[in-house]
Amino acid sequence: MEDGTNFTYTNNFGGNWAADPIQPFIPGGKAQSWSPRVGSEEWTWGEDVARGVNLGGWLVTEPFIVPSLYEKYVNNSQNIVVLDEWSLSLAMGSNLTSEMENHYKTFITEQDFAEIAAAGLNWVRIPIGFWAIEAINDEPFLVGISWTYFLKAIQWARKYGIRIYLDLHALPGSQNGWNHSGKSRDLSVLFLNLNGVMGIANAQRTLTYLRIIVEFISQDQYRAVVPILGIVNEILWSTIGETSVQSFYYAAYETIRQSTGLGSGAGPYIAIHEGFQGVNILGSFLSGADRLALDQHPYLAFMGDTSSAWAIATNQSSKAFGVTLGGEFSTAINDCGLWLNGIGPGSSNPECPTWDDWVAYNTSTIASLKQITLASMDALQNFFFWTWKIGNSTVLGTSSNPLWHYKLGLQQGWIPSDPREAVGHCASVLGSSNIFDGSYPVTATGGVRFEGLFIPQAGAGTIATAQTSSHEFPPPSLAPSFTGTQMALLPTYTATGTVKTLFAPIFTAASSGAAGTGWNNSADNSAAYVPVAGCSYPDSWDAVNASLPTATCTG
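Last residue of the sequence shown: 554 in numbering that gives the first Met the number 0, with the numbers rising by one and none dropped.
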């Protein structure tokens, strides 16, 4: 590895690795015999099955995943209340760069990617924050370094035959008010929110960031490794509202497809989250859209035992909408575990000491937990377990959230050593009418396949005018707070700024320019959304109490 250490790669599923420092973009490895080789074999939705894990807590930190990183700063001399990466960054102060880079360097390494492939998995979902690109004003995040490590992830994924679902996990202003959005917020202060006056401006800023990311990953050097981009993680639909959510989704879709073009191979699949409303709520949304995927995050710990309903809903969504993913789930059946609900007292469940003590699990408990894992995997079909690993607590001296820890479960037996064992687990509860045969709507995959070749589908990306007109951006209102003429008074940004370009990896043995320019489409030359010169803006993270301007500021 880069640090000079060695490990032995053993893959019992016929997988192999491939890498060449002189030609770093040649076809990569093959995760398993049944998984298409990255770079030379096409991934076919409906035939190939995504079996993956999240790399949670790595490039966007969470207290329950990396407790030792937070435990060091919970009690700090500045009396900063540490709850999230924002406050952690403030508490780290002058140690921010060294602390965060050490975390990035050690929490996930090349060996993890090798072990993921060896576990029978062929995808990873990688959360990333907007500060991989930039931070503005007083945003305290460490800028750009997480992107350096995401570039390493691309190299490691290519080498071991793993594909990446890149997820924009933390958005300006917060999309849900939870700690994994970068900053824990009052739920009335959200991005595109019901009350905050900076909602539209935050959304505009996000559209620029999405465009920057998609231009990078659409380059020929990277598109086979990063075939999916999630535009926002767990947007809080119930607070933000259907009109605003769908307006933003359509704006993001248009921004991305104007950059990439249409049809198979033209940029990534675009994944949208169902906002914890169930996949059926978006069943007819943007019908005809090009390669729009739907992501769901059902958790037994918070929703109860509904895995049979997951299978039926996933099948129905796959038939009607298109590629439907289980982007997050776990084996946990309750909210036990250190800081699972955020830094604080924790769950009131009296059984938590029993569930937290994974060393004491007996064979019956492990077998029952494995049944939960298998049922969840089969119900969700194309799945991504949350998460690959949980760091040890320095206080507890062990893993603090065992049922969210894939690697530990694999070692202890409640995660299957071969995830294909889950296939057919749900068959006994599904009627024949609910079975999905692998045939998605043709526009959902960008075309049709004939004798191994993709033929672009006529009409792919053609969305009925009635749908597009009902999802205009900005939305006609942020009801109930702002409606009608008030919308014109909300602070907005202007598309007049210089667009940043994400940097590429450096390969000392490769030819100059081999890594690309960071920008795929030279014709995509629209300006970035930036503040209007001469205008003052409310705090984009805390605008709930800001007054609506009485006039539009033009600078």
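We treat Cβ as the ideally placed atom computed from N, Cα and C, and that holds for glycine.
Just so we're clear, the structure is a prediction, and the values are computed from it rather than from any experiment.
Status (buried if at least 16 other CB within 10 Å, exposed otherwise) for Thr386:
Locating residue 386 in the sequence shown gives position 387, where the first residue counts as 1. That one is buried.
For Ala513, the three-state DSSP class (helix, strand or coil):
Residue 513 sits at position 514 when you count from the first residue of the sequence shown. Three-state DSSP puts Ala513 in coil, outside helix and strand.
So, at 6 Å on beta carbons, what are the nonlocal neighbours of Leu95 in its own chain, with the 5 sequence-adjacent residues on each side left out?
Taking the first residue of the sequence shown as 1, we reach residue 95 at position 96. Same-chain partners within the cutoff: Ser88 and Leu141.
Does the segment 465–476 come close enough to the segment 245–262 to have 3 or more Cβ pairs within less than 8 Å?
These segments touch.
Exposed or buried, Ala522, counting other C-beta atoms within 10 Å across all chains shown (16 or more means buried)?
For this step, residue 522 is matched to residue 523 along the sequence shown. With fewer than 16 other beta carbons inside 10 angstroms of its own, Ala522 counts as exposed.
Ile135 vs Val224 beta-carbon contact at 7 Å
The residue given as residue 135 occupies position 136 in the sequence shown. The residue given as residue 224 occupies position 225 in the sequence shown. Not closer than 7 Å, so no.
Tell me which residue opens and which closes the alpha helix (DSSP H) that Pro66 is part of.
Here residue 66 is taken as the residue at index 67 of the sequence shown, counted from 1. Per DSSP, Pro66 belongs to the alpha helix (DSSP H) from Pro66 to Val73.
If you follow the beta strand (DSSP E) that Pro126 is in, where does it begin and where does it stop?
Position 127 of the sequence shown, counted from the start, is the residue given in the question as residue 126. Pro126 -> beta strand (DSSP E) spans Trp122 to Gly128.
Would you grab the beta carbon distance between Tyr268 and Ala288 for me? Rounded to a whole angstrom, and I think it's under 8 Å.
The count along the sequence shown starts at 1 and reaches residue 268 at position 269. The count along the sequence shown starts at 1 and reaches residue 288 at position 289. Not really, about 11 Å apart at Cβ, beyond 8 Å.
Trp44 - partner residues in DSSP beta bridges:
On the sequence shown, residue 44 is found 45 positions in, with the first residue counted as 1. Asp47, per the DSSP bridge assignment.
Bridge partners for Tyr268 per DSSP, in chain order?
Here residue 268 is taken as the residue at index 269 of the sequence shown, counted from 1. Within the DSSP bridge table, the entry for Tyr268 names Ile227 as partners.
Are three or more beta carbon pairs between the segment 212–231 and the segment 515–533 nearer than 8 Å?
Touching, yes, given that three or more Cβ pairs across the two stretches are closer than 8 Å.
Do the CB positions of Leu285 and Gln77 come within less than 7 Å of each other?
If you number the sequence shown from 1, residue 285 lands on position 286. If you number the sequence shown from 1, residue 77 lands on position 78. For the pair Leu285 and Gln77, the CB atoms are not nearer than the 7 Å cut-off.
The segment 99–114 in contact with the segment 490–509 per 3-pair CB rule at 8 Å
Because the criterion of three Cβ pairs below 8 Å is not met, the segment 99–114 and the segment 490–509 do not touch.
Shortest alpha-carbon distance to Thr9 belongs to which of Lys318, Asp137, Ala113 and Trp403?
Taking the sequence shown and counting its residues from 1, the one referred to as residue 9 is at position 10. Put simply, of Lys318, Asp137, Ala113 and Trp403 the residue whose alpha carbon is nearest the alpha carbon of Thr9 is Ala113.
Are there three or more Cβ pairs, one per stretch, closer than 8 Å when the segment 199–206 is compared with the segment 475–493?
Segments in contact, yes.
To the nearest angstrom, how far is it from the Cα of Tyr536 to the Cα of Ala545?
Sequence index remark: in the sequence shown, residue 536 carries index 537 (1-based). Sequence index remark: in the sequence shown, residue 545 carries index 546 (1-based). Whole-angstrom Cα-Cα distance: 10 Å.
Residues near Ala514 in its chain [Cβ-Cβ closer than 6 Å; skip 5 each side]:
As a first step, residue 514 must be located in the sequence shown, where it is residue number 515. Excluding residues up to 5 positions away in sequence, Ala503 and Pro504 lie with their Cβ nearer than 6 Å to the Cβ of Ala514 in the same chain.
Closest by C-alpha distance to Tyr208, when choosing among Val529, Leu235 and Ile227:
Taking the sequence shown and counting its residues from 1, one reaches residue 208 at position 209. Ranking the options by Cα distance to Tyr208, first place goes to Val529.
Rounded to the nearest angstrom, what separates Pro548 and Ser263 at their Cα positions?
Residue 548 sits at position 549 when you count from the first residue of the sequence shown. Residue 263 sits at position 264 when you count from the first residue of the sequence shown. Using only the alpha carbons, I get a separation of about 45 Å.
Leaving out five residues on either side along the sequence, give the residues of the same chain with a beta carbon under 7 Å from the beta carbon of Gly451.
Within the sequence shown, the letter at position 452 stands for residue 451. In this prediction, Gly451 has a pLDDT of 46, which is less than 50 and means its spatial position is unreliable; what the coordinates show is noted afterwards. Excluding residues within five positions, none has a Cβ falling inside 7 Å.
Secondary structure of Asp83, DSSP reduced to three states:
Here the question's residue 83 lines up with position 84 in the sequence shown. Correct three-state label for Asp83: coil.
Where DSSP assigns a beta bridge to Asp166, which residues make up the other side?
By 1-based counting over the sequence shown, the position of residue 166 is 167. Partner(s): Pro126 and Gly229.
Backbone CA spacing between Pro20 and Ile107 [nearest angstrom]
In the sequence shown, residue 20 corresponds to position 21, counting from 1. In the sequence shown, residue 107 corresponds to position 108, counting from 1. Those two C-alpha atoms are separated by around 21 Å.
Only counting the same chain, and skipping five residues up and downstream in sequence, which positions put a Cβ closer than 8 Å to that of Ala117?
By one-based count along the sequence shown, residue 117 stands at place 118. Excluding residues within five positions, the ones whose Cβ falls inside 8 Å are Tyr8, Thr9, Asn10, Asn11, Phe12 and Gly14.
Determine the direct distance from the alpha carbon of Cys534 to that of Thr553, and round the result to whole angstroms.
If you number the sequence shown from 1, residue 553 lands on position 554. If you number the sequence shown from 1, residue 534 lands on position 535. Put simply, the backbone Cα of Thr553 is about 7 Å away from that of Cys534.
With 16 other CB atoms within 10 Å as the buried threshold, where does Asp83 fall?
Here residue 83 refers to the residue found at position 84 of the sequence shown. Buried, since its Cβ has 16 or more Cβ neighbours within 10 Å.
C-alpha distance - Ile332 paired with Thr500, whole-angstrom precision:
Sequence index remark: in the sequence shown, residue 332 carries index 333 (1-based). Sequence index remark: in the sequence shown, residue 500 carries index 501 (1-based). If you draw a straight line from the Cα of Ile332 to the Cα of Thr500, it comes to about 43 Å.
Rounded separation between Val498 and Ala374 - CA only:
Taking the first residue of the sequence shown as position 1, residue 498 is located at position 499. Taking the first residue of the sequence shown as position 1, residue 374 is located at position 375. When only Cα atoms are considered, Val498 and Ala374 end up about 45 Å apart.
Inter-residue Cα distance where the pair is Thr242 and Trp236
Walking along the sequence shown from the start, residue 242 turns up at place 243. Walking along the sequence shown from the start, residue 236 turns up at place 237. About 9 Å.
Could you tell me which residues DSSP pairs with Ser398 in its beta bridges?
Taking the first residue of the sequence shown as position 1, residue 398 is located at position 399. For Ser398, the beta-bridge partners assigned by DSSP are Asn391.
Strictly by DSSP, which residues pair up with Asp294?
Taking the first residue of the sequence shown as 1, we reach residue 294 at position 295. DSSP lists His272 and Leu324 as the bridge partner or partners of Asp294.
Where Gly277 and Asn53 are concerned, what is the direct C-alpha to C-alpha distance, given to the nearest angstrom?
Reading the sequence shown from its first residue, position 278 is the one you call residue 277. Reading the sequence shown from its first residue, position 54 is the one you call residue 53. Rounded to whole angstroms, Gly277 to Asn53 spans 21 Å at the Cα level.
Give the DSSP bridge partners of Tyr528, in chain order.
Within the sequence shown, numbered from 1, the residue matching residue 528 stands at position 529. Note: Tyr528 sits in a beta bridge opposite Ala494.
Could you tell me the alpha carbon to alpha carbon distance between Leu368 and Thr482, rounded to whole angstroms?
The residue given as residue 368 occupies position 369 in the sequence shown. The residue given as residue 482 occupies position 483 in the sequence shown. Approximately 49 Å between the Cα atoms of the pair.
Closer than 8 Å is the cut-off here; do at least three beta carbon pairs connect the segment 376–395 with the segment 311–327?
Judged by Cβ distances under 8 Å, the segment 376–395 makes contact with the segment 311–327, as three or more pairs qualify.
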